[in-house]
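Visitor: Have a look at this one.
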Amino acid sequence: MPELPEVETIRQHLQPYVCGTTIKNIEILDPRSIKKIAPARFKKNVEGQKILRVERRAKFLVFQLKNKTAFVIHLGMTGNLLFKPDKYVKIIFHLSGGLPAGRQGKKIYFSDIRLFGKIYCHKKYPLFPELGPEPFDEDFASEDFYARLQSRKSKIKPLLLDQGFIAGLGNIYATESLYDADIHPERSADSLSEKEAGKLLRSIRKILVHALRSGGSSISDFVGANGQKGSFQEHHKVYNKEGQPCEKCRTRIKKMVMAQRGTCYCPKCQPLDSGSTRYARSPFARGKK
DNA sequence: CGGGCACCCTGGTGGC
DNA sequence: TGCCACCAGGGTGCCC
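Set out below in structure tokens:
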């Protein structure tokens, strides 16, 4: 469910609440949420440890512990971390200490309907060698983005979902970014011009910033850890808008399936075949009307 | 490398 | 009201 803005929203809610606390006890209501490590060993590695800080990398939340263990949570499609329980709680973290001083009995609830979420811990660094650059990394320049697009022949939409190519985008924000940049989801990555690559990166950043300011998108039941819903879903322009008029040109939004994911786009604003030499490197640029 | 698919799960919905 | 097929924002692994 959650993509970068939602995970970051949760991180910001958690950070002041859990920093400096100690994980007293972990109550495992459903062991299927603990991955890569036996639940008993997980408990042993993490219980009694102080939480130094909460970080985010791509869609992963990382709790850095005093004993150098990284306690990692990926929320999958329906995972959430809450201050108050709901009916899908799988794991309860009992915390003690921290600020304000003397406040005891803090709890964090890991809730997850579909059990696609993952919780584990390890001490191997770097933590995520397989992940691509963060969209907001200052070193991630538009020229790098263009160069990396040039080396890939896959369709742009699935490539944006590939966490090894760029980290943190999911179906909603990849879809919205391509619409904002007027790029058809099926364009091959290496068909994008340098100008289009720059526009796409700017769109990605713009959409993510906007979503962050709105506290994320609340589709179905996403809420921040504090229980507040995000509001960015009100700003979606194409995601889940099949049949509705495009805000820019009033053409009906179309929906297709790519890489097993629904993809909405405006057929006029996001042309695949321009009928010109504009997309000279695209196999669709010639021959087809 | 790229594309397609099955699979891990459960719950909400929309059609009949 | 009830049933059921279908859909869902993620990720991995396998096959060709």
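Mind the numbering: the first sequence is residues 804 to 1092 in this note's numbering, read in order.
Glycine included, C-beta positions come from ideal geometry on N, C-alpha and C.
Remember, it's a predicted structure, so these values are computed and weren't measured experimentally.
Starting from D983 and walking both ways along the alpha helix (DSSP H), at which residues does that stretch end?
Guide: It spans 974-983 - the alpha helix (DSSP H) in which D983 sits, taken as one unbroken run.
Visitor: Where E989 and K1058 are concerned, what is the direct C-alpha to C-alpha distance, given to the nearest angstrom?
Guide: Taking the straight line joining both Cα atoms gives about 12 Å.
Visitor: Please name the residue, chosen from A992, A950, K1040, that lies closest to T1054 on a Cα-to-Cα basis.
Guide: Answer by Cα proximity: K1040.
Visitor: Identify whether S1023 lies in helix, strand or coil by the three-state DSSP scheme.
Guide: Note that S1023 has pLDDT 46, beneath the 50 cutoff, so the model's placement of it is unreliable and the number below is only indicative. If DSSP states are grouped into helix, strand and coil, S1023 belongs with coil.
Visitor: For V1041, does the three-state DSSP call read helix, strand or coil?
Guide: Correct three-state label for V1041: coil.
Visitor: Would D833 pass as a contact of K893 if the rule is Cβ separation under 8 Å?
Guide: Yes, the Cβ-Cβ distance between D833 and K893 is below 8 Å.
Visitor: Enumerate, from N- to C-terminal direction, the unbroken alpha helix (DSSP H) stretches of 4 or more residues contained entirely within the segment 879-955.
Guide: 945-953, all fully within the segment 879-955.
Visitor: For L884, which option in L934, E999, S836 has the closest C-alpha, if you only look at C-alpha atoms?
Guide: Nearest C-alpha to L884: S836.
Visitor: In the DSSP output, which residue or residues are listed as bridge partners for I1010?
Guide: Answer is none; I1010 lacks a bridge partner.
Visitor: Tell me, please, whether the segment 996-1010 touches the segment 977-987 by the rule of three or more beta-carbon pairs shorter than 8 Å.
Guide: Result yes; three or more Cβ-Cβ pairs closer than 8 Å.
Visitor: Quick one: give me the first and last residue of the beta strand (DSSP E) that A873 is part of.
Guide: Element bounds for A873: 873-877.
Visitor: Which same chain residues end up closer than 8 Å to R860 when comparing Cβ atoms and leaving out the 5 residues on each side of it in sequence?
Guide: Contacts found: L930, F931, L934, E937, A970.
Visitor: Taking the beta carbon of N974 as the centre, do at least 16 other beta carbons fall within 10 Å, making it buried, or is it exposed?
Guide: Buried, by the Cβ-count rule.
Visitor: Sort out for me which residues DSSP pairs Y1068 with in a bridge.
Guide: Partner(s): K1057.
Visitor: With the cut-off set at 8 Å, would you say F866 and H877 are in Cβ contact?
Guide: No. Outside cutoff.
Visitor: Where does E830 sit, in a helix, a strand or coil, going by DSSP?
Guide: The answer is strand: DSSP assigns E830 an E or B state.
Visitor: Are the beta-carbon atoms belonging to L972 and I1007 less than 8 Å from one another?
Guide: Result yes, Cβ atoms of L972 and I1007 sit closer than 8 Å.
Visitor: Tell me which residues share the same chain as K838 and place their Cβ nearer than 6 Å to its Cβ, disregarding the 5 neighbours each side in the sequence.
Guide: Taken in chain order, the residues that qualify are K921, Y923.
Visitor: Taking the alpha-carbon positions, what's the F1035 to I1010 distance?
Guide: So the alpha carbons of these two residues sit roughly 10 Å apart.
Visitor: To the nearest angstrom, how far is the alpha carbon of R814 from that of E858?
Guide: For R814 and E858, the distance between alpha carbons rounds to 7 Å.
Visitor: Over the uninterrupted beta strand (DSSP E) stretch that includes F866, give me the two end residues.
Guide: Taken as a continuous stretch (DSSP letters only), the beta strand (DSSP E) holding F866 covers 863-868.
Visitor: Start and end of the beta strand (DSSP E) containing R860?
Guide: 854-860 is the extent of the beta strand (DSSP E) around R860.
Visitor: Are the beta-carbon atoms of T825 and G908 separated by less than 8 Å?
Guide: For T825 and G908, no; Cβs fall outside 8 Å.
Visitor: Going by DSSP in three states, E811 sits in which element: helix, strand or coil?
Guide: Residue state, collapsed to three classes: helix.
Visitor: In the DSSP output, which residue or residues are listed as bridge partners for S836?
Guide: Answer is none; S836 lacks a bridge partner.
Visitor: Check each candidate in L964, I840, S954, G851 and name the one with the smallest Cα separation from G1065.
Guide: Residue L964 is the option with its Cα nearest to G1065.
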